[in-house]
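Before any comments, here is the structure.
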Amino acid sequence: MAQRVRALVEGVDEFIGIDHHKKRCQVMVKDRQGNVLRRGNIPTQREALERFLGERNGAVRMAVFEAGPRYRPLYRWLVDLADEVVMANPGRLKIISETAYKDDAIDAEKLADFGMLGMVPEAYVCGDEAWDRRQGLRLRAALVKMQTSVKNRVHALVDQHPDALPARPEATDLFGSLGMEWLRAIALPEADRKRLEQLLEVYEFLHGQVRRSDAAVRQIVKADERCGWLATVPGIGDFFAALLMAEVDDIRRFRRSKDFVSYTGLVPARDR
Numbered sequence: 001m002a003q004r005v006r007a008l009v010e011g012v013d014e015f016i017g018i019d020h021h022k023k024r025c026q027v028m029v030k031d032r033q034g035n036v037l038r039r040g041n042i043p044t045q046r047e048a049l050e051r052f053l054g055e056r057n058g059a060v061r062m063a064v065f066e067a068g069p070r071y072r073p074l075y076r077w078l079v080d081l082a083d084e085v086v087m088a089n090p091g092r093l094k095i096i097s098e099t100a101y102k103d104d105a106i107d108a109e110k111l112a113d114f115g116m117l118g119m120v121p122e123a124y125v126c127g128d129e130a131w132d133r134r135q136g137l138r139l140r141a142a143l144v145k146m147q148t149s150v151k152n153r154v155h156a157l158v159d160q161h162p163d164a165l166p167a168r169p170e171a172t173d174l175f176g177s178l179g180m181e182w183l184r185a186i187a188l189p190e191a192d193r194k195r196l197e198q199l200l201e202v203y204e205f206l207h208g209q210v211r212r213s214d215a216a217v218r219q220i221v222k223a224d225e226r227c228g229w230l231a232t233v234p235g236i237g238d239f240f241a242a243l244l245m246a247e248v249d250d251i252r253r254f255r256r257s258k259d260f261v262s263y264t265g266l267v268p269a270r271d272r
């Protein structure tokens, strides 16, 4: 923006734009007239941010930054250092993502300017409880994915020895009690036997972790009757009921039912 931007948002004295990365972030602070009060590249640490912003001296502050995979610590710090914290939706903040000349300082200034103009497309920030649940449920999904990968490796290994003895039991889940008993007894060449034992150790560890996660999911569903209602829907069950509630958090953040359907992916997209 070539011209100096003046604030249209009332009741705010300082506008802070932050382009943040894992190790460092670019910070721009402007007053209501668009004058630059402070600018700098600082470590992405609470102490560094606190020192850079300095004392408020009665000034009302608004901080604006883009959502990203590491937004949570920055958000927590800014809640204590500013009066209003706005996390921008990067997908809708196209003027930054489509800028031909990429520069962190320019991006930080634009974030401050958009805050001044009240033009920030805001992204939703969930509460601490929903955040904690999301992390636990996402971990459970990751554990299941790893467990499935190990199971596929076991299948691939034993499929290389169709004539191995004892013969595989008919119509048996390879990872049920009979299947595991067979996997421990099957005669294989020494190298493959060792690989199979390693895989079974990893599988049993992951299986135990998934069971622990499932117990936590059941506690969530038991404590939240809304999860109980969702779990009765065919194809959802306890885990997806808990995951939906944690990811949605507050349904009032969706202005229209279409927004909710789009967010949750309830209606699959169709290629045209």
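Numbering (the working numbering), first residue to last: 1 to 272. No residue lacks a Cβ here, since even glycine has one placed at the ideal position from N, Cα and C.
Problem - Distance, ARG256 Cα to PHE15 Cα - result: 31 Å
Handout entry: Which listed residue (THR148, GLY179, LEU230) has its alpha carbon closest to that of PHE205
Key = Among THR148, GLY179, LEU230, the Cα nearest to that of PHE205 is on THR148.
Practice task
Use the C-beta contact count for HIS20: other C-beta atoms within 10 angstroms, 16 or more gives buried, fewer gives exposed.
Solution key: buried
Problem - Inside the segment 119 to 179 only - alpha helix (DSSP H) runs reaching at least 4 residues - result: Fully enclosed alpha helix (DSSP H) runs of 4 or longer: 128 to 159.
Problem - Reference MET245, options VAL267, PRO268, ILE220, PRO234, closest by Cα - result: ILE220
Exercise for the section: Can you say whether GLY115 is buried or exposed, counting buried as having 16 or more other CB atoms within 10 angstroms of its CB? Expected result: buried
Exercise for the section: Count the other CB atoms, across all protein chains shown, that sit within 10 Å of the CB of GLU55; report buried if there are 16 or more and exposed otherwise. Expected result: exposed
Problem - Span of the alpha helix (DSSP H) around HIS207 - result: 190 to 223
Handout entry: Cβ neighbours of ILE42 in the same chain (closer than 7 Å, five flanking residues each side left out)
Key = ARG24, CYS25, VAL27, ALA48, LEU49, PHE52
Handout entry: Straight-line Cα distance separating ARG168 from PHE175
Key = Distance between the alpha carbons of PHE175 and ARG168 is about 12 Å.
Handout entry: Complete runs of the beta strand (DSSP E) confined to the segment 32 to 98 [at least 3 residues]
Key = 36 to 43, 61 to 66, 84 to 88
Practice task
Compute the distance between the beta-carbons of LYS30 and GLY17, then report whether it is under 9 Å.
Solution key: Yes, these two residues count as a Cβ contact at 9 Å.
Practice task
Would you grab the beta carbon distance between ALA123 and ALA67 for me? Rounded to a whole angstrom, and I think it's under 8 Å.
Solution key: 4 Å
Problem - Limits of the beta strand (DSSP E) - the one that GLY17 falls within - result: 14 to 20
Problem - CA-to-CA distance, GLY91 to ARG193, given in whole angstroms - result: 50 Å
Problem - Pair within 9 Å by beta-carbon distance, VAL9 and MET62 - result: Yes, these two residues count as a Cβ contact at 9 Å.
Problem - Burial state of GLU109 (16 or more Cβ within 10 Å) - result: buried
Practice task
Give a yes or no on whether 9 Å exceeds the smallest Cβ distance from ASP259 to chain B.
Solution key: Here there is only one protein chain, and chain B is not present.
Handout entry: Spatial neighbours of ARG39 in its chain, beta-carbon cut-off 6 Å, leaving aside the 5 residues before and after
Key = MET28
Handout entry: Extent of the continuous alpha helix (DSSP H) to which GLY115 belongs
Key = 104 to 117
Exercise for the section: List the residues that DSSP assigns as beta-bridge partners of LYS30. Expected result: Answer is PHE15, VAL36.
Exercise for the section: Give the DSSP-derived three-state secondary structure of ARG184 in the structure shown. Expected result: ARG184 carries a helical assignment under DSSP once its states are collapsed to helix, strand and coil.
Exercise for the section: With a 10 Å radius around its C-beta and 16 neighbouring C-beta atoms as the bar for buried, classify ASP107 as buried or exposed. Expected result: buried
Exercise for the section: Can you give me the Cβ contacts of PHE260 inside the same chain, cut-off strictly under 6 Å, excluding the 5 residues immediately before and after it? Expected result: PHE254
Practice task
With a threshold of 16 other CB atoms inside 10 Å of the CB of LEU137, please say whether the residue is buried or exposed.
Solution key: buried
Practice task
Confirm, please, whether the CB-CB distance from LEU143 to VAL210 is below 9 Å.
Solution key: Result yes, Cβ atoms of VAL210 and LEU143 sit closer than 9 Å.
Exercise for the section: Please classify ARG256: does DSSP put it in a helix, a strand, or coil? Expected result: For ARG256, the secondary structure class from DSSP, reduced to helix, strand or coil, is coil.
Handout entry: C-alpha gap between LEU230 and PRO166, whole angstroms
Key = 45 Å
Exercise for the section: Please report the Cβ distance between ASP250 and VAL217, rounded to the nearest whole angstrom; I am assuming they are in contact, meaning their Cβ atoms lie under 8 Å. Expected result: About 21 Å separates the beta carbons of ASP250 and VAL217, which is beyond the 8 Å limit, so they are not a contact pair.
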